[in-house]
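Take the sequence shown: its letter number 21 is residue 450 in the numbering used here, and every next letter is one higher. All C-beta atoms, glycine included, are put in the ideal place defined by N, C-alpha and C. The structure presented is a predicted model; accordingly, all values stated were derived computationally and were not measured. Heads up: the structure comes next, in structure tokens.
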Amino acid sequence: MKYIFSLFLAFLTINFSYGQVSGQIAGGAGGAFGIGGKATTDPFLAARMADLRSKKNSVEEEILGSPYLNDEFIKSKVYFGEDYIGDYYIRYNALNSEIEIKESNLPEEKPKRLLADDKVRIKYAKRELRFTTYITKKNETKNGYLSIISEGDSYTLYHRLAVKYSEGKAAANSMVMAIPSRYAHFTEYYYKKAGVDRIDQLAQKRGALLKILDKEIRDQVSTFIKEEKIDLSEEADLIRTFEYINSIDTSS
């Protein structure tokens with residue numbers, strides 16, 4: 430099975446200490462095809478990564494927060510399509526929407542970057558990460574990792590952890606405190622309607638939710654939200670709402 434895995438996936442070596450600080454990929458940019466395979470380096474990519482590392486190392490600063498969902502590597506199950514590949518130690522870099530992966534949790538083993546593939550599924554903590562294409566509220570088409578949190582015949586609801594990096598500001602004078610750089614975590618939700626080949630960001634407001642539904646069920650859903658005192662800003666209530674939507678019989 431690992432042989433099959435190696436035909437489709439590649440890992441790029443990460444500079445471990447740099448990745449912990451900034452979440453950007455640096456250091457050796459060569460790819461190892463398969464597990465423990467022979468590295469092959471793209472000169473242009475290697476030069477670009479070295480340049481990023483050089484810039485970052487030239488400035489020492491404290492950055493609040495983390496680009497990772499969890500700073501620790503978590504033992505996770507990796508699948509390619511329906512095939513179980515094995516257990517690996519995973520860390521999710523939400524800033525870059527990248528999976529960092531190790532075969533063991535030994536500190537001397539350097540993590541690698543798992544190249545994105547839409548056939549790869551990772552059972553990470555309580556979620557399953559899948560690489561896919563989605564469309565933001567600004568109508569921008571992006572690629573990244575989403576997790577299915579509710580699935581039915583009519584709609585599928587996805588969760589995405591996003592991270593934003595904000596550059597700090599130096600103190601203008603001794604009377605003003607400096608503003609440190611930071612990583613801010615926030616959550617986005619996306620949906621896919623059955624029969625529609627796209628995944629769109631969901632605005633967590635009643636009017637916006639009702640607008641994406643078929644006209645014949647809008648009143649039912651609106652009543653459900655009101656009677657159940659649904660707060661669409663809460664994930665649990667959002668899941669309840671989509672479960673209700675998927676339970677509505679529209680065959681008559």
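Helix, strand or coil: which one does DSSP assign to residue i?
i, result
"E657", "coil"
"L667", "helix"
"S526", "coil"
"I682", "In this structure the chain extends from 430 to 681, so residue 682 is not present and cannot be described."
"E537", "coil"
"E557", "strand"
"I674", "helix"
CB residue i to CB residue j, shorter than 8 angstroms?
i, j, result
"I492", "S676", "no"
"T670", "E645", "no"
"Y415", "L667", "Within the shown structure, residues of the chain are numbered from 430 to 681, placing residue 415 beyond reach of any answer."
"Y553", "Y587", "no"
"A607", "K598", "yes"
"Y594", "Y574", "no"
"K548", "G494", "no"
"L639", "R627", "no"
Give me the Cβ distance between residue i and residue j, rounded to the nearest whole Å; I'm assuming they're in contact under 8 angstroms.
i, j, result
"R550", "E527", "Not a contact, Cβ separation roughly 16 angstroms."
"D643", "I564", "So it is not a contact: roughly 20 angstroms between Cβ atoms."
"Y584", "A623", "7 angstroms"
"E529", "E538", "Actually they are not in contact, since the Cβ atoms of E529 and E538 sit about 11 angstroms apart, beyond 8 angstroms."
"L535", "P496", "With 8 angstroms as the limit, L535 and P496 do not qualify as a contact, their Cβ atoms being about 23 angstroms apart."
For residue i, collect the residues of the same chain with a Cβ closer than 8 angstroms to its Cβ; drop the 5 residues on either side in sequence, then sort them by chain order.
i, result
"S505", "D516, Y517, Y518, I519, I551, K552, Y553 and A554"
"T616", "H588, R589, L590, A591 and E664"
"D660", "D666"
"E672", "S579 and G581"
Going along the chain, which residues of its own chain have a beta-carbon closer than 6 angstroms to the beta-carbon of residue i, five neighbours each way excluded?
i, result
"R556", "S576"
For the ligand COA, is there a heavy atom less than 7 angstroms away from the beta-carbon of residue i?
i, result
"A637", "Within the structure as shown, the ligand COA is missing, as the structure has no ligands at all."
Which complete beta strand (DSSP E) runs does the region 562 to 650 hold, if anything under 3 residues is left out? List check, beta strand (DSSP E) in window: 570 to 580, 584 to 595 and 610 to 622.
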